[in-house]
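Written below as C-alpha cells is the structure these notes are about.
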Amino acid sequence: MHTRAILGIAPTAIRGEPENIMRYDIRHFHRPVCAFPGCGNEYDGDEAEWWTDPYWALDQAWEDDWLVLDGRHDEPVCICPEHLLYDGDGRLVRYDPEGVVPETAALAGFYEGHVGEPLPDPDCERGALDALLHSELVTADHPFLLPICEYPHCGAVFADEPFGAMWYPDEDAAETAVHDSRRWAMIKGDDGECHAFCPLHVLHDGDGRPVPVGRTVLPPALAERCTDPRPPAVRPSCADDVLDVLRGE
Ligand SMILES: [Zn+2]
Ligand SMILES: [Zn+2]
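Start counting at 1 in the sequence shown, then tack on 23, and there's your number in this note's numbering.
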C-alpha cells in the first residue's frame, strides 16, 4: 500500500506531483484548545473521534462542559473544565443573571444572554477574561491518513464513513486495518509495497460476502501474488486492471 509516515511529506507531494501520486488521504483532527493562559489542554472527546470541522468539535466540547463563549474577536473561546467552578457535590456552577454571576464585572458582560453556561473558578476569572479579550478559536491540528483504493479511477477511501471513527496514525496501522477488515483486497506489487483495492473490485458470494483467496481460482499472475488464503479475492473482471497496478503500469 502506498502509505508512509505522515510527517515529512512535502507540500508538493500532498498536491500530487505526477511522479509522486498519493495513495492515501491526509485528514486532520481539529481539536479545540483551552484558551486559558498557560493551559493548552486539548479537547479530545472520545479518543477515537476526529473532526474535520473545528466548529463541530467545539460543539462537542461545549456539550462536555467546556466553557464556550464568544470572545472579543467574535470567535468562540473555550476554557477547559480545570478552570471552572464546582459546588460541594462536584457539579458545575452555572451562570444565572438572577444571582449567580462572575465577580468580575467585565467578565459578566461576556455572559449576557448565556444563561446556564459554566462559571470560572473565582481564582481563574482574570485568566478567563484575558482569554475572552485576546483569544480567537484555537485548534490543534493532528494529521492522520486513510488508505485509498488504487484501482484505476476509483479513489474510494477506507473507513470513509460519514462520521467515521477509524483513523490511523501511521502506515503500519492503516495497512493492518485494511488487511484485517477482510473487505478490501491487499496485494503486494512489484515494488514490494502492498496495494489496496476496495470492495467494488472484490469477488462476493451470493450472500454478498467477500470470497477469500483460498476459496476461488485466480488467474495465475494474481495467484502467485496472493499467497495468504484469507483476504478477499479480486473479481475476475477486475483482475487485469489490478495486475496493471501491481506491475506499476
Ligand atoms: Zn485549560
Ligand atoms: Zn475501488
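Heads up, the beta-carbon is just placed ideally off N, CA and C, and yes, glycines get one too.
These numbers come from a predicted model, not from an experiment.
Would you say residue i touches ligand 4, meaning its beta carbon is less than 7 Å from a heavy atom?
| i | result |
| --- | --- |
| Glu140 | What this structure holds is ligand 1 and ligand 2, not ligand 4. |
Return the residue from the list the options that minimises the CA-CA distance to residue i.
| i | options | result |
| --- | --- | --- |
| Ala58 | Glu148, Gly111 and Phe52 | Glu148 |
| Gly271 | Ala154, Gly212, Phe181 and Pro235 | Gly212 |
| Ala151 | Val257, Pro235, Cys249 and Pro99 | Pro99 |
| His227 | Ala219, Leu245 and Arg206 | Arg206 |
| Leu169 | Glu198, Glu247, Ala80 and Ser158 | Glu198 |
| Val268 | Pro143, Gly215, Arg238 and Thr250 | Gly215 |
| Cys181 | Asp164, Val161, Ala208 and Gly68 | Just to set this straight, residue 181 is Phe in the shown sequence, not Cys. When each option's Cα is compared against that of Phe181, the closest is Ala208. |
| Ala219 | Cys103, Asp203 and Gly229 | Asp203 |
| Asp164 | Pro77, Val265, Pro60 and Cys62 | Pro77 |
| Cys103 | Tyr66, Asp112 and Gly111 | Tyr66 |
| Ser158 | Ala80, Arg238, Asp93 and Ala179 | Asp93 |
| Phe167 | Val265, Pro55 and Trp74 | Trp74 |
| Cys217 | Gly136, Ala200 and Gly231 | Ala200 |
| Val314 | Pro192, Ala84 and Ala244 | No answer is possible for residue 314: it lies beyond the span of the chain, which begins at 24 and ends at 272. |
| Ala244 | Cys62, Val257 and Asp112 | Val257 |
| Gly63 | Leu81, His176, Cys101 and Tyr109 | Cys101 |
| Leu81 | His53, Gly178 and Asp97 | His53 |
| Gly61 | Asp110, Asp153, Gly113 and Trp79 | Asp153 |
| Ile210 | Tyr109, Ala179 and Ala246 | Ala246 |
Just to check, is the beta-carbon of residue i closer than 7 Å to a non-hydrogen atom of ligand 1?
| i | result |
| --- | --- |
| Phe59 | yes |
| Cys103 | yes |
| His106 | yes |
| Cys172 | no |
| Cys261 | no |
| Cys62 | yes |
Flag residue i as yes when its Cβ comes closer than 7 Å to any non-hydrogen atom of ligand 2, and as no otherwise.
| i | result |
| --- | --- |
| Phe181 | no |
| Leu223 | yes |
| Cys177 | yes |
| Cys217 | no |
| Tyr47 | no |
| Phe220 | yes |
How close, in whole Å, do the beta carbons of residue i and residue j come, if the pair is a contact with beta carbons under 8 Å?
| i | j | result |
| --- | --- | --- |
| Val234 | Pro252 | In fact, because the Cβ distance is near 11 Å, the residues do not count as touching under 8 Å. |
| Leu115 | Pro145 | Contact flag wrong, Cβ pair sits at about 14 Å. |
| Val138 | Pro120 | 7 Å |
| Leu155 | Arg95 | 6 Å |
| Val240 | Cys249 | Contact doesn't hold; Cβ gap of about 11 Å is too wide. |
| Pro143 | His106 | 5 Å |
| Val265 | Tyr174 | 7 Å |
- Along the chain, which unbroken stretches of the beta strand (DSSP E) at least 3 residues long are found entirely within the segment 175-253? The beta strand (DSSP E) runs of length 3 or more contained entirely in the segment 175-253 are, from start to end of the chain, 208-211 and 217-220.
- Item | Cβ contact (3+ pairs, closer than 8 Å) linking the segment 131-138 and the segment 48-59 | Between the segment 131-138 and the segment 48-59, the count of Cβ pairs shorter than 8 Å is below three; the stretches do not touch.
- Query: Would the segment 258-271 and the segment 215-226 be scored as touching if the rule is three or more Cβ pairs under 8 Å?
  - Reply: With a cut-off of 8 Å on Cβ pairs, the segment 258-271 is in contact with the segment 215-226, counting three or more such pairs.
- Message: At 4 residues or longer, what runs of the alpha helix (DSSP H) sit wholly inside the segment 83-167?
- Response: Entirely contained in the segment 83-167, the alpha helix (DSSP H) runs reaching 4 residues are, in chain order, 128-134 and 148-157.
- Query: Can you find at least 3 beta carbon pairs, one from the segment 85-102 and one from the segment 119-129, that sit closer than 8 Å?
  - Reply: Counting Cβ pairs under 8 Å, fewer than three are found: no touch.
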